[in-house]
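*Asks:* For what it's worth, the numbering used here labels the leading residue of the sequence shown as 135, then goes sequentially.
One structure is given below, represented as structure tokens, and several questions about it will come after.
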Amino acid sequence: MRLESFEPAAYIAPEHRAAYDRRFVTLLLDEGSLRRGGVGEVIRAVSPRGERFALKRLRAMGVDDGDSGSAAALRASFDAEYDAHRALASLRGFPRLFGRGRVEGDPVIVMEWVEGVTLETAARALAVDGAGRLSPLVAARIGRDLFDLLARMAYLDGGLAHRDVSLRNVMVDTSRLSVADQVEEGSFQLVLIDFGSAAPLQDGDSSLTARYGAACGATADYAPPEMLTEDVAGMDRLRHSPAVDVYAAAGVLYALLEGRPPYDLSFEARDRCGGLSAFRMKTEFSPEPPAGAHGAATDVRAVLAAEPEVAVAVGRAVAELTDAPSPHGIRLALATVDGQLDALLAACLAPVAARRPSPAAMRDALALFCSQYADNVARALKGEPLAPCPLGPAAAATRRGRR
């Protein structure tokens, strides 16, 4: 494949420009890696020097030639995605960006190929029960590192909202450590991908959002209410906010804990609620608190066999007790500790954007939950109060509201 009209993402000195461009003029495509979306595709490309890149292409066949306005809007959206990605590419946890060009008239973006798996795939491999739940401690660590990514986006001038955080748009980079090794290490190399829905935080031209709404990119299972309606005044302003990503990331954490998103938005479920829209489902009903792998376990010993770190914490705590607790008592103690996540998730999933905590506040609360987990297991088994992992006034207001 020949890449034409290549434009580097960053300034290249004139004396080095020709050599830089040669890296991308001719690329060999790995067709087995091709992934298609609605109007675009991503494929792995290799240069003659053996460098691997990811090539994102807006296919002309995916644009409705009968609607010149739609075609222009889609191309403008592709350009906006490039600009958003370029703003983030220098931060850890976001793919490097090399430039853009054209292939057979189609616009393409050349970026780093991330060696790894999506969080959706990793979650299936890490599940500790048949419902697809992860160990609450592992899920909380992934959530901590995901909210850390979102907090880094605030470092940019003006800030940026991704607006489509989901299990499929978060990758676990396995170039250094496998997923299993990252579980053992207690830290995850997460990479946020797909910036097709990203937008600056300050008010700007909202023509794309006004034209396409939620279809502009937000995954309904994780999107906040403000991304799911065109019928309420002021929604466009709320879409340019980090609170959008806080809600979606909390939905991802909920899915890791429970094996499913916070809301069942299937036609059957919505019909049981009187045919409500996804927007009304998320504004008029609170999601059920996640039971978690421990709370839902019929045999907690089988779950502990799949999470050795928690099993060691339980074993050490039990050794300090005069009377060994029953498996049911251990299950209740673990569920009590895991229950600290309920309040954190409830704060982030508040339908009112202003009541959601900041990404940094959520990251810090989850970090505290993880660092205190073993100690709180021992406290719960002894019947002592747990060490708290406070989130701040936003969480307190949400907990009062839910009560």
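From the three backbone atoms N, C-alpha and C, an ideal C-beta is built for every residue, glycine too.
#1: Check whether the stretch 262-271 and the stretch 389-402 are in contact - that is, three or more C-beta pairs closer than 8 Å.
#2: Can VAL325 and ALA383 be called in contact, C-beta distance under 8 Å?
#3: Run through the DSSP bridge pairs and tell me what PHE503 is partnered with.
#4: Tell me, to the nearest whole angstrom, how far the beta carbon of PRO493 is from that of PHE281; I am working on the premise that it is less than 8 Å.
#5: Could you check what DSSP says for ARG394 in three-state terms: helix, strand or coil?
#6: Nearest-angstrom Cα distance between VAL248 and LEU301?
#7: What is the DSSP secondary structure of LEU271, reduced to helix, strand or coil?
#8: Just the Cα atoms here: how many angstroms apart are GLY264 and ASP355?
#9: Does DSSP classify PHE212 as helix, strand or coil?
#10: Do MET135 and LEU168 come within 8 Å of each other at the CB atom, strictly closer than that value?
#11: Roughly how many angstroms lie between the CA atoms of LEU525 and ARG497, to the nearest whole one?
#12: Between which residues of its own chain and ARG234 is the CB-CB distance below 6 Å, once the five residues before and five after are set aside?
#13: I'd like to check one pair, GLN506 with CYS523: are the Cβ atoms closer than 8 Å?
#14: Let's test the definition: count the other Cβ atoms within 10 Å of the Cβ of PHE187 and tell me whether it reaches 16, buried, or not, exposed.
#15: Alpha carbon to alpha carbon, what distance is there between ILE276 and GLU360?
#16: Got a sec? Which residues, its chain only, sit under 8 Å from SER181 by beta carbon, not counting five neighbours each side?
#17: Please return the same chain residues whose Cβ sits closer than 7 Å to the Cβ of VAL448, not counting the five positions on each side in sequence.
#18: For THR456, does the count of other Cβ atoms within 10 angstroms reach 16, so buried, or fall short, so exposed?
#19: What residues in its chain sit with their C-beta under 6 Å from that of ALA377, if we drop five residues either side in the sequence?
#20: Measure how close the beta-carbons of LEU283 and VAL272 come, nearest whole angstrom, since I'm counting them as under 8 Å.
#21: Starting from PRO142, trace the alpha helix (DSSP H) both ways and give me its first and last residue.
#22: By the DSSP assignment, the alpha helix (DSSP H) with THR417 in it spans what residues?
#23: In whole angstroms, give me the CA-to-CA distance for GLY174 and ARG193.
#24: Is the Cβ-Cβ distance between PRO461 and VAL452 less than 8 Å?
#25: Straight-line CA distance for GLN474 to LEU520?
#26: Compare the beta carbon distance of ASP472 and GLY517 with 8 Å and say whether it is the shorter of the two.
#27: For ASP339, count neighbouring C-beta atoms within 10 Å of its own C-beta (all shown protein chains included) and say buried if the count is 16 or more, exposed if not.
#28: Would DSSP call ALA147 helix, strand or coil?
#29: Just to check my reading of the structure: LEU362 and PHE413 have Cβ atoms closer than 8 Å, yes? What is that Cβ distance to the nearest angstrom?
#30: For ALA530, I'd like the list of residues in its chain whose CB is within less than 8 Å of its CB, leaving aside the five on either flank, ordered along the chain.
#31: Return yes when the C-beta of ALA458 is under 7 Å from any heavy atom of the ligand SAM, and no when it is not.
#32: Verify whether the separation of the beta carbon atoms of ARG278 and ASP379 is less than 8 Å.
#33: Indicate whether ARG209 and VAL237 have their beta-carbon atoms separated by less than 8 Å.
#34: Taking 8 Å as the cut-off, decide whether the C-beta atoms of VAL126 and THR308 are in contact.
#35: Could you tell me whether the Cβ atoms of VAL313 and VAL306 are closer together than 8 Å?
*Replies:* In terms of the structure at hand:
#1: As far as the Cβ criterion goes, the stretch 262-271 touches the stretch 389-402, which means the pair count is three or higher.
#2: No, the pair does not count as a contact, with Cβ atoms beyond the cut-off.
#3: Looking at the DSSP assignment, PHE503 forms no beta bridge with any residue, so it has no partner.
#4: Sure, about 5 Å apart at Cβ, within 8 Å.
#5: Here ARG394 sits in coil by DSSP.
#6: Taken atom to atom, the span from the alpha-carbon of VAL248 to that of LEU301 is near 16 Å.
#7: Reduced to three states, the DSSP call for LEU271 is helix.
#8: Within the model, the alpha-carbon separation for GLY264 versus ASP355 is close to 21 Å.
#9: In this structure, PHE212 counts as helix in the three-state DSSP scheme.
#10: For the pair LEU168 and MET135, the CB atoms are not nearer than the 8 Å cut-off.
#11: Taking the straight line from one Cα to the other gives about 9 Å.
#12: Closer than 6 Å at Cβ, skipping near neighbours: GLU141, TYR216, ILE243.
#13: Going by C-beta atoms, CYS523 is nearer than 8 Å to GLN506.
#14: Per the 10 Å Cβ criterion, buried.
#15: Distance between the alpha carbons of GLU360 and ILE276: 25 Å.
#16: Taken in chain order, the residues that qualify are ARG157, PHE158, THR160, LEU161, LEU162, PHE187.
#17: Excluding sequence positions up to five before and after VAL448, its CB lies within less than 7 Å of the CB of LEU438, ILE464, VAL511, all in the same chain and listed in chain order.
#18: It counts as exposed.
#19: Same-chain partners within the cutoff: ALA487, ARG490.
#20: Not a contact, Cβ separation roughly 17 Å.
#21: PRO142 -> not in any alpha helix (DSSP H); beta strand (DSSP E) instead, spanning 138-142.
#22: Where THR417 is concerned, the enclosing alpha helix (DSSP H) starts and stops at 412-418.
#23: In this model, GLY174 and ARG193 are separated by some 5 Å (Cα to Cα).
#24: No, the pair does not count as a contact, with Cβ atoms beyond the cut-off.
#25: Here the alpha carbons of LEU520 and GLN474 stand approximately 9 Å from one another.
#26: It is not a contact, given that the beta carbons lie outside the stated cut-off.
#27: Note that ASP339 scores a pLDDT of 33, beneath 50, so its modelled location is shaky and nothing firm can be said.
#28: If DSSP states are grouped into helix, strand and coil, ALA147 belongs with coil.
#29: Sure, about 4 Å apart at Cβ, within 8 Å.
#30: Since pLDDT at ALA530 reaches only 46, below the 50 mark, its modelled position is unreliable, and the value read off the structure follows with that caveat. Listed in chain order, the non-local C-beta contacts of ALA530 below 8 Å within the same chain number zero, local neighbours out to five positions each way being set aside.
#31: With respect to the ligand SAM, the structure offers nothing, as it holds no ligand at all.
#32: Taking 8 Å as the Cβ cut-off, ARG278 and ASP379 do not qualify as a contacting pair.
#33: In this structure, ARG209 lies away from VAL237, with their beta-carbon atoms at least 8 Å apart.
#34: Since the first residue of the chain shown is 135 and the last is 537, residue 126 is not available in this structure.
#35: Closer than 8 Å, so yes.
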